[in-house]
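Student:
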Amino acid sequence: MPIITLTTDFGLKDHFAGAVKGAIYTELPDAKIVDITHLISPFNITETAYIIKNSYKSFPKGTIHIIGVDSELSNTNKHIALLLDEHYFICPDNGLISMIASAINPTKIVEINIHDRIESSFPVLDVFVKVACFIARGGTLDVIGREISDYKKMIEIQPKVNQAQTIISGGVIYIDNYGNVISNISKKVFNDIGKGRDFIVTARGYTFTKIFNKYNEITGDSDTNYGFDGSRLALFNSAELLEIAIYRSNLNTVGGASSLLGLDYRDTITVEFINKPLPEFTPLN
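So this is what it looks like as structure tokens:
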């Protein structure tokens, strides 16, 4: 029996997440259900895409992913099911797939058509669950709906490069549990445009002239980490995206990069490449 994952903005207070699990178990008593998260910020498609893209590959091939964010059916927000990288996704066609599929094209996409038989104000429960259980039993996408060749593109997730190839303009797409701020500027874009040049990263008036690959690299050869607690740094995170962080941040005490630096979702982050050497980097506390 394939695993079925759930990613929603339902939260944990209401009955919605539990009801969806109950409906799956009613149809598939032996189902294996994994909650990726139910704490997506309401209707936040970019955040949803970031979390799904960085979690789905950890699951076995054939896993079925139900994504219930901004899922109300409309003329501009269809429901789709697709096979991508040997994983199944059941979700609204609201642009999130364009981030998940940025490097890999879907093998097959269908527009779900069982709405003709089901009227629902809770499509994740009444539609997505039925589609997921059908696939889990060995059903094919052809039965679920008509095949389509494209999906909605989400332009805002792509950073922009100026004509002179000297500035990358990106933005904040996600703020994690530590208050770290993740941008849409990838390590690949940075390297392709930068070509080894010096640079200045700017975020809300703060500047960085070095990008780390791990948080504790900021400590250098120091025998203790504590002298660097609260230092701000830029790094490429595990998703290879440019991140602004506070070393050993704690949202319950000191705060994170988001609160301390005043950075929020969609705020601008830029990288400017320069041709003359910059002064040697000194960590700032």
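Sequential numbering from 175 applies to the sequence shown in the working numbering. For every residue, glycine included, the Cβ atom is placed at its ideal position computed from N, Cα and C. Small disclaimer: the values here were computed from a predicted structure and weren't measured.
#1: Using a Cβ-Cβ cutoff of less than 7 Å, which residues in the same chain neighbour residue 257 once the five nearest sequence positions on both sides are dropped?
#2: Just how far apart, CA to CA, sit residue 295 and residue 188?
#3: Could you check the C-alpha separation between residue 381 and residue 442 for me, to the nearest Å?
#4: Mind checking which residues open and close the alpha helix (DSSP H) that includes residue 197?
#5: Per DSSP, what are the beta-bridge partners of residue 375 in this structure?
#6: Figure out for me which residue from 240, 242, 233, 268 has the closest Cα to the Cα of residue 525.
#7: Do you know whose CA, among 246, 231, 333, 388, lies nearest residue 346's CA?
#8: To the nearest whole angstrom, what separates the beta carbons of residue 265 and residue 241, a pair I think is in contact under 8 Å?
#9: Suppose contacts are defined by Cβ-Cβ distances below 9 Å. Is residue 353 in contact with residue 423 by that definition?
#10: Strictly under 9 Å for the Cβ-Cβ distance: is residue 346 near chain C by that measure?
#11: Hey, quick one: how far does the alpha helix (DSSP H) through residue 224 stretch, first residue to last?
#12: With 16 other CB atoms within 10 Å as the buried threshold, where does residue 304 fall?
#13: Whole-angstrom Cβ separation of residue 239 and residue 179, contact assumed at under 8 Å?
#14: Based on the DSSP secondary-structure assignment, which residues constitute the bridge partners of residue 251?
#15: Measure the alpha-carbon distance for residue 432 versus residue 323 and round it to whole angstroms.
#16: Return the first residue and the last residue of the alpha helix (DSSP H) that residue 346 is part of.
#17: Tell me, to the nearest whole angstrom, how far the beta carbon of residue 408 is from that of residue 385; I am working on the premise that it is less than 8 Å.
#18: Out of 436, 277, 253, which has the shortest C-alpha to C-alpha gap to residue 301?
#19: Return the chain-ordered list of same chain residues with a C-beta closer than 7 Å to the C-beta of residue 194, the five sequence neighbours on each side being excluded.
#20: Can you give me the Cβ contacts of residue 237 inside the same chain, cut-off strictly under 8 Å, excluding the 5 residues immediately before and after it?
#21: Kindly indicate which three-state DSSP category residue 367 falls into: helix, strand or coil?
#22: Check each candidate in 394, 335, 313 and name the one with the smallest Cα separation from residue 447.
#23: Using a Cβ-Cβ cutoff of less than 7 Å, which residues in the same chain neighbour residue 439 once the five nearest sequence positions on both sides are dropped?
#24: Please report the straight-line C-alpha distance between residue 356 and residue 417, rounded to a whole angstrom.
#25: Confirm, please, whether the CB-CB distance from residue 344 to residue 359 is below 9 Å.
#26: On a Cα-Cα basis, can you pick out the residue from 211, 206, 182 that is closest to residue 351?
#27: Here's the rule I'm using: 16 or more other beta-carbon atoms within 10 Å means buried, otherwise exposed. How should residue 406 be labelled?
#28: May I ask you to report which of helix, strand or coil DSSP gives residue 392?
#29: Checking 9 Å against the spacing of the C-beta atoms, do residue 338 and residue 444 come in under that value?
#30: What is the DSSP secondary structure of residue 331, reduced to helix, strand or coil?
#31: Nearest by alpha-carbon distance to residue 328: which of 209, 369, 251 is it?
Tutor: Here's the rundown:
#1: 280, 281, 282, 315
#2: When rounded, the distance between both Cα atoms is 16 Å.
#3: 13 Å
#4: For residue 197, the enclosing alpha helix (DSSP H) covers residues 190-201.
#5: BP columns for residue 375 point to 382, 445.
#6: No statement about residue 525 is possible, as the shown extent of the chain runs from 175 to 459 and does not include it.
#7: Nearest of 246, 231, 333, 388 to residue 346, Cα basis: 333.
#8: 4 Å
#9: Cβ distance < 9 Å, so residue 353 and residue 423 count as in contact.
#10: In summary, chain C is missing from the structure at hand, where a single protein chain is found.
#11: 219-227
#12: buried
#13: 5 Å
#14: 248
#15: The straight-line gap from Cα to Cα measures roughly 39 Å.
#16: Premise fails: residue 346 lies in the beta strand (DSSP E), 341-349, not in any alpha helix (DSSP H).
#17: 5 Å
#18: Nearest neighbour of residue 301 by Cα position, chosen from 436, 277, 253, turns out to be 253.
#19: 180, 298, 299, 303
#20: 176, 177, 178, 179, 230, 261, 262
#21: helix
#22: Of 394, 335, 313, the residue nearest in Cα terms is 335.
#23: 346, 349.
#24: 4 Å
#25: yes
#26: Relative to the Cα of residue 351, the nearest Cα in the group 211, 206, 182 belongs to 211.
#27: buried
#28: Assignment of residue 392 by DSSP, reduced to helix, strand and coil, places it in the helix class.
#29: no
#30: helix
#31: That would be 251, whose Cα lies nearest to the Cα of residue 328.
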